[in-house]
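Everything on this sheet refers to the single structure shown next.
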Amino acid sequence: APFIIWHFGRLPWLSPVITLPAVLVLSLALAGGWMAVITAPLAGLSGVFAGSLHAFVWMLNLLAGWSAAHLPVATHLPVQMMWAALLAAAVLAWFAPRISRAPLPASALAVLSVACIIVWAPLWLPAGVVKLGVLDVGQGDGVLIRRGDRAVVIDGGAMESSALRRQLRMTGVKRVALWVLTHGDADHAGAAIKIAGLVPIDVALVGPGTAGDAAGAEALRALGRAGVPLYTGAAGTRAGLGSLGTLTVLSPPRGEDLERTSDNDLSLVLRWEIDGAGALFPGDASSDVEERLLQSGSAPEVDLLLAAHHGSRYSTSERWLEATSPEVAVISCGRNNPYGHPAPEVVRRLVERGVEIHRTDREGAVLFLPVNGRFVPLPWREWW
236 APFIIWHFGR
246 LPWLSPVITL
256 PAVLVLSLAL
266 AGGWMAVITA
276 PLAGLSGVFA
286 GSLHAFVWML
296 NLLAGWSAAH
306 LPVATHLPVQ
316 MMWAALLAAA
326 VLAWFAPRIS
336 RAPLPASALA
346 VLSVACIIVW
356 APLWLPAGVV
366 KLGVLDVGQG
376 DGVLIRRGDR
386 AVVIDGGAME
396 SSALRRQLRM
406 TGVKRVALWV
416 LTHGDADHAG
426 AAIKIAGLVP
436 IDVALVGPGT
446 AGDAAGAEAL
456 RALGRAGVPL
466 YTGAAGTRAG
476 LGSLGTLTVL
486 SPPRGEDLER
496 TSDNDLSLVL
506 RWEIDGAGAL
516 FPGDASSDVE
526 ERLLQSGSAP
536 EVDLLLAAHH
546 GSRYSTSERW
556 LEATSPEVAV
566 ISCGRNNPYG
576 HPAPEVVRRL
586 VERGVEIHRT
596 DREGAVLFLP
606 VNGRFVPLPW
616 REWW
């Protein structure tokens with residue numbers, strides 16, 4: 236059970252009830268299978284046992300699909316609270332002999348202590364605080380902005396990555412107000428293929444070249460099947476998200492030539508503003524896009540920068556950093572990735588400008604709170 240809670244963020248309380256009859260029925264089926272192996276004349280007997288399983292399997296699937304059969308659990312607790320729980324358990328174990336005859340036995344106190352840790356996730360974090368998380372999706376990009384049970388998702392990582400799905404579930408997100416696909420690369424758009432039908436999504440904003448990639452096209456089909464309205468973004472597109480801030484598209488320009496522009500340079504370059512703080516999410520845009528924004532005067536000063544293209548040497552130029560002047564930079568890349576991300580020259584440029592650097596390949600997911608017009612990193616990173 237602890238492993239299931241930790242990895243899936245849910246406690247299947249019906250499992251003990253279902254397991255005993257399941258073991259009995261499956262044991263009969265297994266016996267029939269062995270009979271079939273031992274002697275051919277008894278092969279039909281295994282079919283008798285197998286047929287008896289259909290109704291039982293149907294019942295298991297029905298129970299597994301029942302939402303009340305899985306209790307959400309706050310597995311995103313900080314390490315300090317985990318140590319506090321262990322300390323409380325040790326104290327109870329030490330005093331157990333003395334309080335065993337008390338009206339409230341030690342076993343009951345132990346259960347109460349565990350109940351203090353296994354709580355409903357939505358009750359643990361304050362609902363009124365906006366949180367920006369750059370998730371550890373491996374070699375890809377995944378950003379989750381949330382306040383209470385509403386969220387904004389930017390990309391999400393590859394289809395194989397479970398980071399976004401896990402965070403949506405464990406932090407109690409019930410609705411995605413906006414899902415942005417900056418472009419169609421699998422390491423950005425893939426997560427939408429699996430998640431589109433699992434959580435309500437109000438609207439999706441996609442880059443103009445998203446359908447040109449196989450993963451992007453599949454993500455658009457998945458969003459369409461889920462009934463999500465799709466809009467193509469371009470420079471000037473602005474989404475007012477209420478308590479989740481404002482998102483503005485800076486690039487590509489409207490009417491960009493899809494044939495002559497690279498897929499990466501068709502990425503939506505996004506500026507997010509909340510409570511006086513600003514963040515920049517440039518997708519996989521290259522220094523060519525950066526230069527165009529610089530020349531048009533569209534490069535904004537921001538507090539936080541997500542390094543373009545996972546810290547590629549073809550992005551995050553000196554002039555771009557000088558114009559945007561970020562205090563904090565996050566590099567989202569996979570551990571020991573084959574592309575050499577982040578490029579040493581990009582890290583050097585950031586260090587020379589005194590930018591605070593966070594890397595998902597070393598730190599895991601990184602969480603920020605907008606405080607007094609700047610983004611402050613929280614001390615725990617993987618679960619929030």
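Mind the numbering: the sequence shown is residues 236 to 619 in our numbering, read in order. Every residue gets a Cβ at the ideal spot worked out from N, C-alpha and C, and that includes glycine.
Would you say A454 and I428 are within 9 Å of each other, going by their C-beta atoms?
Between A454 and I428, the C-beta gap is smaller than 9 Å, which places the two residues in contact.
Using the beta-carbon count (16 or more within 10 Å), is A600 buried or exposed?
Counting Cβ neighbours within 10 Å, A600 comes out buried, since at least 16 surround it.
CB of S502 within 9 Å of CB of V537, strictly:
At the C-beta level, S502 and V537 stay beyond 9 Å of one another.
Look at the alpha carbon of R594 and the alpha carbon of G373, and state the distance between them as a whole number of angstroms.
For R594 and G373, the gap between their C-alpha atoms comes out near 11 Å.
Would you check if the distance between the CB atom of G419 and the CB atom of G392 is smaller than 9 Å?
Not a contact, by the Cβ cut-off of 9 Å.
A386 - DSSP class collapsed to helix/strand/coil:
Here A386 sits in strand by DSSP.
On the three-pair Cβ rule with 8 Å, is the segment 408 to 417 touching the segment 537 to 554?
In short, these stretches do not touch, since the Cβ pair count stays below three.
Chain-order list of residues whose beta-carbon lies under 6 Å from that of L360 (same chain, five-residue window excluded)
With a pLDDT of only 46 at L360, under 50, the local geometry of the prediction cannot be trusted, and the value read off the model is given with reservation. Same-chain partners within the cutoff: there are none.
Test: M394 CB closer than 9 Å to a CB of chain C
Annotation note: the requested chain C is absent from the structure, which comprises a single protein chain.
So what does H545 bridge to, in DSSP terms?
The partner list for H545 (beta bridge, DSSP) is empty, contrary to what the question assumes.
DSSP state of A393, grouped into three classes?
If DSSP states are grouped into helix, strand and coil, A393 belongs with coil.
Own chain, CB closer than 6 Å to V504, minus 5 neighbours either side, in chain order:
The residues L485, S486, P517 and A520, in chain order, have a CB closer than 6 Å to that of V504 in the same chain once the five nearest residues on each side in sequence are set aside.
Taking the Cβ atom as the reference point for each residue, do Y466 and V434 lie within a distance shorter than 9 Å?
Between Y466 and V434, the CB-CB gap reaches or exceeds 9 Å.
Through-space distance from E580 to L540, alpha-carbon basis
One Cα belongs to L540, the other to E580, and the distance between them is close to 16 Å.
Measuring straight from C-alpha to C-alpha, what distance separates E526 and L556?
Rounded to whole angstroms, E526 to L556 spans 11 Å at the Cα level.
Output the boundary residues of the alpha helix (DSSP H) element that contains G425.
Counting along the chain, G425 sits inside the alpha helix (DSSP H) bounded by residues A421 to I430.
Considering only residues of the same chain and omitting the five flanking positions on each side of I592, which have a CB-CB separation below 6 Å?
Result list for I592: A564 and L585, in chain order.
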